[in-house]
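For the first sequence, our numbering begins at 69 and goes up steadily by one. Built from N, CA and C at the ideal position, the CB exists for glycine as well. Owing to the predicted nature of the structure, the values given are computational and were not obtained by experimental measurement. Worksheet for the structure shown next.
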Amino acid sequence: MAAPSGDEFVEHVCSIVASIPPGRVMTYGDVAAVLGSRGARAVGQIMARYGTDLPWWRVIRSGGHPPAGHEDRALPHYRDEGTPLRDLPESYRIDYPAARWSHG
DNA sequence: ATTATGACGGTTC
DNA sequence: AGAACCGCCATAA
Numbered sequence: 069m070a071a072p073s074g075d076e077f078v079e080h081v082c083s084i085v086a087s088i089p090p091g092r093v094m095t096y097g098d099v100a101a102v103l104g105s106r107g108a109r110a111v112g113q114i115m116a117r118y119g120t121d122l123p124w125w126r127v128i129r130s131g132g133h134p135p136a137g138h139e140d141r142a143l144p145h146y147r148d149e150g151t152p153l154r155d156l157p158e159s160y161r162i163d164y165p166a167a168r169w170s171h172g
């Protein structure tokens, strides 16, 4: 496993992200909020480090924008999962209110 | 303990 | 709407 035992934060983030169903998305802030923290950035760090084995594209920024620097990689995933998109085809952003997923 | 960094968030200009 | 600034959190050096 990429995450050694003891890192609850990492384990939690991975678990939450992995629990997001296809076609749904959560913001970094939401994931952090589930952990009782506000480390949206910290979540991004984990995605950058351990997200390689996770559906990282289901984690977006507030406002419905996909992960910075990974828009092109995420787009095909959204189209494949039927995630509601907006502002196509010029640019695109996730229909956050519609695709938002609650951890519970 | 202190500093710097990052797949962020929100406010302000 | 785009850029700048500050705040928050976890990790690495």
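Mark THR120 as exposed unless 16 or more other C-beta atoms lie within 10 angstroms of its C-beta, in which case mark it buried.
exposed
Decide if the segment 151 to 168 is in contact with the segment 118 to 133; the criterion is three or more beta carbon pairs, one per stretch, under 8 Å apart.
yes
Start-to-end residues for the alpha helix (DSSP H) that takes in PRO144
In the DSSP assignment, PRO144 falls within the unbroken alpha helix (DSSP H) covering 139 to 149.
State yes or no: is the C-beta of LEU103 within less than 9 Å of the C-beta of ILE84?
yes
With distances taken from CA atoms, which of ALA100, GLY137 and PRO89 is nearest VAL78?
ALA100
Figure out for me which residue from ASP163, ILE88, VAL81 and SER170 has the closest Cα to the Cα of GLY107.
VAL81
Should SER73 be labelled buried (16 or more other beta-carbon atoms within 10 Å of its own) or exposed?
Confidence at SER73 is low in this model, with a pLDDT of 44, below 50, so its placement is unreliable and the value that follows should be read with caution. That one is exposed.
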